[in-house]
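Novice: Following our numbering, the numbering of the sequence shown begins with 40 at its first residue and continues without gaps.
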Amino acid sequence: MTPAARQAAAIAILDDWCAGAAPEQALTRWARRSRFAGSKDRAAVRDIVYDCVRAARSFAALGQGEDGRAMVLGRLRALGDDPDPVFSGERFAPDPLTENERREVDVSRLSDAVRYDLPDWVVPLFEASLGNDWRAVAEILKTRAPVFLRVNVARIERAEAQARLADEGIVTVPHRLSETALEVTEGARRVHLSKAYEQGLVEIQDAASQAILDVLGIVPGVTFLDYCAGGGGKALAAAARGAKVSAHDIDAGRMKDIPGRASRAGATVEILSPESVTQTYQVVFADAPCSGSGSWRRAPHGKWLFSPGRLEELTALQARILDEITAIVEPGGQLAYATCSLLREENEDQVRAFLNRHPAWTCVTERRLTPLDGADGFFIAVLRKTT
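1. Taking C-beta to C-beta, are Pro-410 and Val-176 nearer than 7 Å?
2. Just to confirm my understanding: we take Val-368, look at its own chain, exclude 5 residues before and 5 after, and list those with CB closer than 6 Å. What are they?
3. Can you tell me where the beta strand (DSSP E) holding Gln-373 begins and where it ends?
4. Kindly indicate which three-state DSSP category Cys-402 falls into: helix, strand or coil?
5. Measure the Cβ-Cβ separation of Glu-225 and Val-241 and say whether it is below 7 Å.
6. For chain D, check one thing: does any of its Cβ atoms lie closer than 7 Å to the Cβ of Ala-247?
7. Just tell me which of Thr-425, Glu-63, Leu-221, Gln-238 has its CA closest to the CA of Gly-371.
8. Residues in its own chain within less than 7 Å of Ser-127 by CB, not counting five upstream and five downstream?
9. How many angstroms separate the CA atom of Pro-124 from the CA atom of Ala-100?
10. Going by C-alpha distance, which of Phe-417, Ile-257, Asp-288, Ala-279 is nearest Gly-269?
11. Contact between the stretch 337-347 and the stretch 385-404: three or more CB pairs below 8 Å?
12. Name the residue from Val-284, Arg-183, Arg-148 whose alpha carbon lies nearest to the alpha carbon of Ala-414.
13. Along the chain, where does the alpha helix (DSSP H) that runs through Leu-112 open and close?
14. Can you give the Cα-Cα distance for Phe-418 and Glu-129, rounded to whole angstroms?
15. Identify whether Ala-420 lies in helix, strand or coil by the three-state DSSP scheme.
16. Are Asp-106 and Asp-54 close, meaning C-beta to C-beta below 7 Å?
17. Any idea which residues DSSP pairs Ala-286 with across the strands?
18. Nearer than 6 Å: is that true of the beta carbon of Gly-372 relative to any heavy atom of the ligand SAM?
19. Return helix, strand or coil for Asp-326, following the three-state DSSP convention.
20. Can you look up Val-190 in the DSSP assignment and give me helix, strand or coil?
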């Protein structure tokens with residue numbers, strides 16, 4: 040595919056997204072219709088599409104419209120690229136620009152919500168939660184997220200993992216947020232095919248996600264329940280540090296990959312059904328369902344689906360989870376509450392409300408990370424019963 044043909048494909052996919060399809064669904068539909076597209080073409084088109092989904096409002100404004108064509112045009116302008124070679128009207132290329140599309144856009148007149156690619160109602164929440172940093176954080180959320188690996192310290196040291204990966208053309212650098220974290224700087228698309236990955240020496244996991252587990256100070260032999268386990272990333276990280284790990288999720292289907300991942304990593308993770316959570320644990324970790332606002336650059340579609348009603352549903356669910364798990368924390372143990380949210384409503388405010396409902400508990404420590412720290416946004420509070 041020519042560069043212009045790739046842009047035209049992205050326009051069609053984005054129009055599908057604008058009509059209500061999820062980005063992945065729209066990309067899959069296009070791929071099925073476009074057997075001629077090679078792997079490099081598919082990767083390039085995917086990158087264009089997700090760039091546009093992340094920055095849909097600002098790109099559309101720069102492109103003088105509200106559809107896929109406007110977003111692709113706006114992206115080219117944001118990158119400082121001349122759009123005319125793309126919008127040439129030649130075979131497989133988008134039609135030439137109209138006079139209206141050639142008009143210069145006064146960016147200074149755009150609202151903050153448009154410039155920083157947020158729903159209007161989210162801007163006040165970001166400002167209240169992040170203070171003067173909110174614009175810088177929102178700007179980062181418009182960009183592609185780095186790829187991070189967690190080194191399986193039960194099997195290999197970080198420096199040796201780097202060397203193994205480098206032998207396979209995957210270049211990494213240590214990341215300051217966690218001693219187990221590596222940032223992939225070259226060869227990210229090779230990770231899944233690497234021997235280091237297949238042998239369970241590394242796992243894909245955001246550096247901030249690794250850092251919040253560091254807060255718990257897990258030691259070998261501690262009993263650890265990952266209460267909202269999902270795919271099991273935190274459970275596997277705890278197992279690598281020697282914890283005796285159990286995993287639970289209200290949706291058991293979300294945990295289907297844990298046995299295979301644990302086998303690859305040489306770890307043991309007990310899978311629990313909701314009715315089988317009967318004992319107590321020294322550490323109960325709840326990475327609760329949340330807005331995902333700290334990771335919107337990885338899942339930008341969620342940003343545009345987020346609503347006040349959904350925030351209300353989530354905060355009610357988070358409070359219910361916190362109340363439920365108090366009964367399964369051993370005396371003197373730790374209740375760890377985490378989200379990948381940037382919003383006070385889901386983080387600090389949620390913890391303060393819990394402490395008001397449960398005066399026998401205290402907050403031992405809190406940590407908030409934002410994309411300004413170099414990875415996703417995460418929050419963790421470690422709570423302990425005092426009597």
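C-beta: ideal position from N, C-alpha, C; glycine also.
Specialist: Short version:
1. Mapped onto the sequence shown, residue 410 falls at position 371. Mapped onto the sequence shown, residue 176 falls at position 137. In this structure, Val-176 lies closer than 7 Å to Pro-410 by Cβ.
2. Taking the first residue of the sequence shown as position 1, residue 368 is located at position 329. So the qualifying residues of the chain are Val-323, Leu-374.
3. As a first step, residue 373 must be located in the sequence shown, where it is residue number 334. Per DSSP, the unbroken beta strand (DSSP E) holding Gln-373 starts and ends at 368-378.
4. Residue numbering aside, residue 402 sits at position 363 when the sequence shown is read from its first letter. If DSSP states are grouped into helix, strand and coil, Cys-402 belongs with the strands.
5. For this step, residue 225 is matched to residue 186 along the sequence shown. For this step, residue 241 is matched to residue 202 along the sequence shown. No, they are not a contact pair.
6. Given the protein chain composition of this structure (a single chain), no chain D is represented.
7. Locating residue 371 in the sequence shown gives position 332, counting from the first residue. Closest option to Gly-371, Cα to Cα, is Thr-425.
8. The residue you call residue 127 lines up with position 88 of the sequence shown. Closer than 7 Å at the Cβ level, and outside the excluded window around Ser-127, lie Ala-43, Pro-135.
9. Translated into the one-based positions of the sequence shown, residue 124 becomes position 85. Translated into the one-based positions of the sequence shown, residue 100 becomes position 61. Each residue's alpha carbon lies about 21 Å from the other.
10. Counting from one through the sequence shown, the residue named residue 269 turns up at place 230. Of the candidates Phe-417, Ile-257, Asp-288, Ala-279, the one whose C-alpha sits nearest the C-alpha of Gly-269 is Asp-288.
11. The way I'd put it, the stretch 337-347 doesn't touch the stretch 385-404; fewer than three beta-carbon pairs between them come closer than 8 Å.
12. The residue labelled residue 414 in the question sits at position 375 within the sequence shown. Per the Cα distances, Arg-183.
13. On the sequence shown, position 73 is the one that residue 112 refers to. Here the alpha helix (DSSP H) through Leu-112 covers 107-118.
14. Position 379 of the sequence shown, counting from 1, holds the residue named residue 418. Position 90 of the sequence shown, counting from 1, holds the residue named residue 129. Cα-Cα distance, rounded: 50 Å.
15. As a working note, residue 420 is residue 381 in the sequence shown. Three-state DSSP puts Ala-420 in a strand.
16. What you label residue 106 is simply residue 67 of the sequence shown in a count that begins at 1. What you label residue 54 is simply residue 15 of the sequence shown in a count that begins at 1. Contact flag set, yes.
17. Sequence index remark: in the sequence shown, residue 286 carries index 247 (1-based). In DSSP, Ala-286 forms a bridge with Asp-265, Ile-310.
18. The ligand content of the structure shown is nil, which means the ligand SAM is not present either.
19. On the sequence shown, position 287 is the one that residue 326 refers to. Here Asp-326 sits in strand by DSSP.
20. Locating residue 190 in the sequence shown gives position 151, where the first residue counts as 1. Here Val-190 sits in strand by DSSP.
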